[in-house]
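Residue numbering for the sequence shown follows the working numbering, starting at 171 and increasing by one per position.
Beta carbons are placed, not taken as given, at the ideal position from N, Cα and C, and that holds for glycine.
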Amino acid sequence: MSGTGARHGTIVDRRPSGGGLSGALGSYVVRDDQDERYYTFDYRQIVTEGFRTIRTGEHVRFYVSAESPDRAEFVIRLDQPDPAEYYR
Numbered sequence: 171m172s173g174t175g176a177r178h179g180t181i182v183d184r185r186p187s188g189g190g191l192s193g194a195l196g197s198y199v200v201r202d203d204q205d206e207r208y209y210t211f212d213y214r215q216i217v218t219e220g221f222r223t224i225r226t227g228e229h230v231r232f233y234v235s236a237e238s239p240d241r242a243e244f245v246i247r248l249d250q251p252d253p254a255e256y257y258r
């Protein structure tokens, strides 16, 4: 993890491809609430007990990757949806 500590942001976009080593995985874009910078990540970086999915507009906590400063890692959803509402 980067030495900058936890950051908070909002998911602003989901792209059907572009993540992972081969670029075949869906990727997400998070905007940092503090400095309004954009960071990308794929579903492997979502820390969850359930499905690894996030919707646009959700609030998250994340760390900036030490290896790649434009990537987010250890993304944690802060707004856990009601399952009945989520799967309508």
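Measure the C-alpha to C-alpha separation of residue 211 and residue 240 and round it to an integer number of angstroms. Here residue 211 refers to the residue found at position 41 of the sequence shown. Here residue 240 refers to the residue found at position 70 of the sequence shown. Near 9 Å, if we compare the C-alpha coordinates of residue 240 and residue 211.
What is the DSSP secondary structure of residue 225, reduced to helix, strand or coil? Taking the sequence shown and counting its residues from 1, the one referred to as residue 225 is at position 55. The answer is coil: DSSP assigns residue 225 none of H, G, I, E or B.
Can you tell me whether residue 207 is helix, strand or coil according to DSSP? In the sequence shown, residue 207 corresponds to position 37, counting from 1. The answer is coil: DSSP assigns residue 207 none of H, G, I, E or B.
Measuring straight from C-alpha to C-alpha, what distance separates residue 218 and residue 237? Position 48 of the sequence shown holds residue 218. Position 67 of the sequence shown holds residue 237. Cα to Cα, the separation comes out at about 23 Å.
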